[in-house]
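Asks:
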Amino acid sequence: MKPLSRRETVLACLVFVLGLVLYVRTLAPSVLLGDSSEFQVLAYTLGIAHNTGYPIYLLIGKLFTFLPVGDVAYRVNLLSAVSAAAALVEVYLIGFLLSGRRYLSLLGPLLLAINALFWWQAVIAEVYTPAAAFTGGVLLFVLLYGQNARPRNLFIAGLLGGLSLGVHTLTALAAPAVLLYLLVKKANRQSWRAALLGGLIGFLLFALSFVMLDAYGHPTSMTANFRIHASAYGLQPEDFDSAWTRISFIFFSRQWRGQMFSGTSQDVNNNLDVYLNRTWSTFGMAFNFLILIGTIGLFTPRSDLPGRWKEGLLLMGSWLAMMIFLVNYRVGDLEVFFIPLYVILAAFLTVGASQVVAGIMSFLRALHLDKPLARGLVGLVLASLCLWSAWTYLQPVEKSIRQGRIAFLDESRLYYPYPVLDPGYPLREGRRIASLVEDDAILFIDWNMLYAACYAAHVEQKRSGIACYEPMPFGTNERFADSALEFVRQNVDQRPIYFSVIPENLKGLYRFRQVGFTYPLYRLMKK
């Protein structure tokens, strides 16, 4: 692998700046829906999010909330933009280390930057571009170790890997491939110690962050929501008095555990089809071909580069471990889980382009062309390749930059979690809901609007007495849990209770008076 020089550092900085400018220009302006609004609220209040908690992500998000720009929600959105730009830098540096081609390595980050799925997640408050940045960081520092044998690079890789448990656990699935890489590289004892120490410190920081946020116990935390619905998961509300129960319920994903490695072979095939279709549609035929060439190329000796099969094992092993999990995970928004894998695909793409260029150079040398002429022809081919790659995306990129918002989403993504055509909708409706209820109200709001209402009440208006819960979270089989019903019975005489959706098993027990009409809201009342 070729060592990094000042020129690569300058180009990496340029990649970061250009990527950040693109994403900030099209950044979601404020509060979003669903998971994104949850992250926007909990980064501010320091609660624990849905499975798997994401404490490191939320603490980093908290730092972003102090930035003197936009509102709190915008600042948390900005974390995704910065993370995406960092991931582009990592793709560039990984591509250069593997190909040794300074300018050709720009192709990977260029295509990833304007990849529709990646760009979409780069402008909203979500964990997937931070996960991509942590994944790229782990792989980059492991590859730097392979290039210079400095144990500190393994320490940093281990640290990022441990911390990634609090960003997205998908990154940690690269660990077996990293261990295999160190074995085949015959890493010395000092290197192993550095890697393990970094991983241990990262893990301890992750665990400490989880314990701290849990101990803080902000009422907007998702653990409060699951306490209410405990009976739906075979527990009782008092079980959540235990810190271990709260943390293990969230981190070990008790709510979604039944969706993991429990599907049929048809479910696996369907997930694989989703991956192939998304990769094909977002990268295109020619670049998927380059990805294939790059994957093969890492395991193929070249006269101008030392053997790279060990690096191929690292990347391929990381990709494979993540894919095994994802094809066995039944979840509706599966496509966004592929984003950390796109970092690996973009690296393969760069290597594939390098293989093609090397083949062209060999062909031109066989024709006995002058070296300057051969380089000029190759440069022309590269320029044409980059122009052609950008041409497909030129119109949506230009339109997005001009309008200051992403302008390439299909109808299935136009509304959730970022209503692009009406970006003010979540905050507007959240404020409206908050305006209709008392300061000690209990709200059972559907997931889409739950944290938008919570944002208006807790972040903007500082009305911390308003409690916000889901009426029927995933795992309750669309039924109001018995423990939640008991919670209502205990509070109906003390506090006003509202629902956005009336559960069937409550209709015969209470009467409901509609108080919100633009967004349905019903006051629960005794018969």
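Every number in our numbering is 42 more than the matching position in the sequence shown, counting from 1. Glycine included, each C-beta is placed from N, C-alpha and C at the ideal position.
Give the C-beta separation of N313 and V369 to the nearest angstrom, bearing in mind that I take them to be a contact with Cβ-Cβ under 8 Å.
Replies: Yes, they are in contact, since the Cβ atoms of N313 and V369 sit about 4 Å apart, within 8 Å.
Asks: Where does K549 sit, in a helix, a strand or coil, going by DSSP?
Replies: K549 falls in the helix class under three-state DSSP.
Asks: Should L100 and L88 be called a contact, given that it needs their Cβ atoms to be closer than 9 Å?
Replies: Against a cut-off of 9 Å, the Cβ pair of L88 and L100 comes out as a contact.
Asks: My output table needs one value for A509: the three-state DSSP class, helix, strand or coil.
Replies: DSSP places A509 in strand when its eight states are reduced to three.
Asks: Going by the CB atoms, is the gap between L406 and L419 shorter than 9 Å?
Replies: Yes; because the gap between Cβ atoms is below 9 Å, this pair is in contact.
Asks: Run through the DSSP bridge pairs and tell me what L456 is partnered with.
Replies: According to DSSP, which records beta bridges pairwise, L456 is partnered with nothing at all.
Asks: Using 10 angstroms around the beta-carbon of C496, count the other beta-carbons present and answer buried if the total reaches 16, otherwise exposed.
Replies: By the 10 Å Cβ count, C496 comes out buried.
Asks: Taking 8 Å as the threshold, find out whether the region 202-211 comes into contact with the region 90-97 through three or more Cβ pairs.
Replies: Yes: at least three Cβ pairs fall under 8 Å.
Asks: Assess, as a yes-or-no matter, whether the region 120-128 is touched by the region 273-289 under the definition of 3 or more beta carbon pairs within less than 8 Å.
Replies: The region 273-289 vs the region 120-128: no contact.
Asks: Where I136 and T342 are concerned, what is the direct C-alpha to C-alpha distance, given to the nearest angstrom?
Replies: C-alpha separation (whole angstroms): 18 Å.
Asks: Any beta carbon from chain C within less than 9 Å of L277's own beta carbon?
Replies: Looking at the structure shown, chain C is missing, and only one protein chain is on hand.
Asks: Which whole-angstrom value describes the C-beta separation of L355 and Y223, a residue pair presumed to lie in contact below a C-beta threshold of 8 Å?
Replies: Confirmed, about 6 Å.
Asks: F367 and M302: beta carbons closer than 9 Å?
Replies: In this structure, M302 lies closer than 9 Å to F367 by Cβ.
Asks: Work out the CA separation of V83 and L566 for me, nearest whole Å.
Replies: So the alpha carbons of these two residues sit roughly 26 Å apart.
Asks: Please classify G349 as buried or exposed, where buried requires at least 16 other C-beta atoms within 10 Å of its C-beta.
Replies: By the 10 Å Cβ count, G349 comes out exposed.
Asks: Alpha carbon to alpha carbon, how far is Y105 from F450?
Replies: Rather than Tyr, the amino acid found at residue 105 in this sequence is Leu. Rounded to the nearest angstrom, the two C-alpha atoms are 31 Å apart.
Asks: Please classify S79 as buried or exposed, where buried requires at least 16 other C-beta atoms within 10 Å of its C-beta.
Replies: Answer is buried; the Cβ neighbour count reaches 16.
Asks: Can you check DSSP and say which residues form a bridge with L485?
Replies: Answer is C510, Y540.
Asks: What separation, rounded to the nearest whole angstrom, lies between the Cα atoms of N190 and K413?
Replies: In a straight line, the C-alpha of N190 is about 31 Å away from that of K413.
Asks: Leaving out five residues on either side along the sequence, give the residues of the same chain with a beta carbon under 7 Å from the beta carbon of A214.
Replies: Answer for A214: G203, S206, L207, listed in chain order.
Asks: Relative to the alpha-carbon of V501, which residue among V462, F486, S72 has its alpha-carbon at the smallest distance?
Replies: Closest by alpha carbon: S72.
Asks: Note down, one range per segment and in chain order, each alpha helix (DSSP H) of at least 4 residues found wholly within the region 51-88.
Replies: Within the region 51-88, the complete alpha helix (DSSP H) runs of at least 4 residues are 76-87.
Asks: Count the other CB atoms within 10 Å of the CB of G446; is the residue buried (16 or more) or exposed (fewer)?
Replies: Exposed, because fewer than 16 other Cβ atoms sit within 10 Å of the Cβ of G446.
Asks: Any idea if E280 is buried or exposed, counting beta-carbon neighbours within 10 angstroms, 16 or more meaning buried?
Replies: The residue is exposed, with fewer than 16 neighbouring Cβ atoms inside 10 Å.
Asks: Between I448, Y458, P382, which has its C-alpha nearest G374's C-alpha?
Replies: For the residues I448, Y458, P382, the minimum Cα distance to G374 belongs to Y458.
Asks: Measuring only the C-alpha atoms, how far is L69 from P45?
Replies: The alpha-carbon atoms of L69 and P45 are separated by roughly 35 Å.
Asks: For F282, which option in A257, L250, V378 has the closest C-alpha, if you only look at C-alpha atoms?
Replies: Of the candidates A257, L250, V378, the one whose C-alpha sits nearest the C-alpha of F282 is A257.
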